[in-house]
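Enquirer:
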Amino acid sequence: MSSTEYAAAYPAHRDDYGSRMGMWLFLFTELILFGGLFIVYAVYRYMHQQEFHMAAQELNTTIGLTNTIALLTSSMTAAMSITAMQKGNVRFSKGLIWITIGFAFVFMVNKFFEWSAKIQHGIFPGSKDLLAKPNGEILYFGLYYVMTGLHTLHVIIGVIFFLFILRQIKQGKIHSTRYVRLENSALYWHLVDLIWIFLFPLFYLIH
Amino acid sequence: MSEHRHEESHVIEYGNYIFIWLGLLAFTGITVTVSGIDFGNWTIVIALFIACVKSWYVLNYFMHMKYEDKVFKLFIVTALVTFIIFLGFTFWDYSFVR
Numbered sequence: 001m002s003s004t005e006y007a008a009a010y011p012a013h014r015d016d017y018g019s020r021m022g023m024w025l026f027l028f029t030e031l032i033l034f035g036g037l038f039i040v041y042a043v044y045r046y047m048h049q050q051e052f053h054m055a056a057q058e059l060n061t062t063i064g065l066t067n068t069i070a071l072l073t074s075s076m077t078a079a080m081s082i083t084a085m086q087k088g089n090v091r092f093s094k095g096l097i098w099i100t101i102g103f104a105f106v107f108m109v110n111k112f113f114e115w116s117a118k119i120q121h122g123i124f125p126g127s128k129d130l131l132a133k134p135n136g137e138i139l140y141f142g143l144y145y146v147m148t149g150l151h152t153l154h155v156i157i158g159v160i161f162f163l164f165i166l167r168q169i170k171q172g173k174i175h176s177t178r179y180v181r182l183e184n185s186a187l188y189w190h191l192v193d194l195i196w197i198f199l200f201p202l203f204y205l206i207h
Numbered sequence: 208m209s210e211h212r213h214e215e216s217h218v219i220e221y222g223n224y225i226f227i228w229l230g231l232l233a234f235t236g237i238t239v240t241v242s243g244i245d246f247g248n249w250t251i252v253i254a255l256f257i258a259c260v261k262s263w264y265v266l267n268y269f270m271h272m273k274y275e276d277k278v279f280k281l282f283i284v285t286a287l288v289t290f291i292i293f294l295g296f297t298f299w300d301y302s303f304v305r
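Same order as they appear, the protein sequences are chains L and F. Each residue of the first sequence is one higher than the one before, counting from 1 in the working numbering. Each residue of the second sequence is one higher than the one before, counting from 208 in the working numbering.
#1: Just reading off the alpha helix (DSSP H) that L:V43 is part of, what are its end residues?
#2: How big is the Cα-Cα spacing for L:R45 and F:F298?
#3: Out of L:A9, L:S93, L:L27 and L:H13, which one is the CA nearest neighbour of L:N184?
#4: Please confirm whether L:S75 has its beta-carbon closer than 8 Å to some beta-carbon of chain F.
#5: Grouping DSSP H, G and I as helix and E and B as strand, with all else coil, what is L:H175?
#6: Could you list which residues in chain L have their beta carbon closer than 7 Å to that of F:V297, in chain order?
#7: Going by the CB atoms, is the gap between F:T235 and L:L72 shorter than 8 Å?
#8: Whole angstroms are fine: how far does the CA of F:Y268 sit from the CA of L:G149?
#9: By Cβ distance below 7 Å, which residues in the same chain neighbour L:F107 in space, the five residues on each side in sequence not counted?
#10: Helix, strand or coil: how does DSSP classify L:Y140 here?
#11: Run down chain L in chain order and give the residues with a C-beta less than 8 Å from the C-beta of F:L281.
#12: Quick check: is the beta carbon of L:A55 nearer than 8 Å to any beta carbon in chain F?
#13: Can you give the Cα-Cα distance for F:T250 and L:T83, rounded to whole angstroms?
#14: Please report the residue range of the alpha helix (DSSP H) in which L:L65 lies.
#15: Please check the pair L:I100 and L:W196, which I expect to be a contact at CB under 8 Å, by giving their CB distance rounded to whole angstroms.
#16: Quick check on DSSP: helix, strand or coil for F:E210?
#17: Got a sec: is the Cβ-Cβ distance from L:H175 to anything in chain F below 8 Å?
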């Protein structure tokens, strides 16, 4: 059998269902990764309730709320980009992906100012000011930096995913009948949103 | 099984997404408002309950779980049960430490 005959007899293997299933399995490992940290948070908060409340007052609720709205909105535009792609409206789909990336940058810029302000006030892991505080507050800020830091790392990875998707749309590898990679990237983005849905009340709203 | 693999893809209209988004914003507003009122230990319970409701909407609509096969739903339940077992046993342990 020549290679052209072979290609005709066996079209390229494609399994969108399996692709999505693989993505979901990966997302569950992410759930366990963050889940472990949430359990650490739960136990320390249970042991140092008063200090967690004190420490949480140092966080800026407005920044937290802005970031919540940015992520919720970007989650919507990510989901909409799939609808646009399914309808064959590639330009609109690309636009929506760019908007999603834009909101990701809003989130990161906010995070940058938030962390900078904290660091300027001498609150960062291992700093003299922080170590002078009671144990519970040290634990709170340790968890704050690790959990929001790991989350922001996911935001950055999500942006990289979307940039790849935009490139593949341009190359014609993703189109109205083949868009599972866009779907999977959107799933990843929604996970980032889901984790923030829990981080926001746990760190910013416990006054 | 194989007929599922060729299922028609489900298209969710833009309007539905906007509707879900408005709902999510409303729930966020409620969480922030409620956190300002002192319900004692209930504050965290209410905040987490609202977070769970929001997650349910994100999972079902944004992540299309509503239109996926049963296997995917079974995955989610398995993952959540695993997490709850971890959480439960850790607290069980710590309640004796104190």
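Quick reminder that beta carbons are idealized off the backbone N, C-alpha and C, glycines included. The structure displayed is predicted, hence computed values, not measured ones.
Expert: Checking against the coordinates, here is how it stands:
#1: D16 to M47
#2: 12 Å
#3: L:L27
#4: yes
#5: strand
#6: Just to set this straight, residue 297 of chain F is Thr in the shown sequence, not Val. In chain order: I39 and V43.
#7: yes
#8: 27 Å
#9: N67, A70, L71 and V155
#10: helix
#11: The contacting residues do not exist; F:L281 stays about 11 Å from chain L at best.
#12: no
#13: 38 Å
#14: T61 to Q86
#15: Per the sequence presented here, residue 100 of chain L reads as Thr, with Ile not at that position. Rounded, the Cβ-Cβ distance is 14 Å, inconsistent with contact.
#16: The predicted model places F:E210 with a pLDDT of 42, which falls under 50 and marks its position as unreliable, so this point remains unresolved.
#17: no
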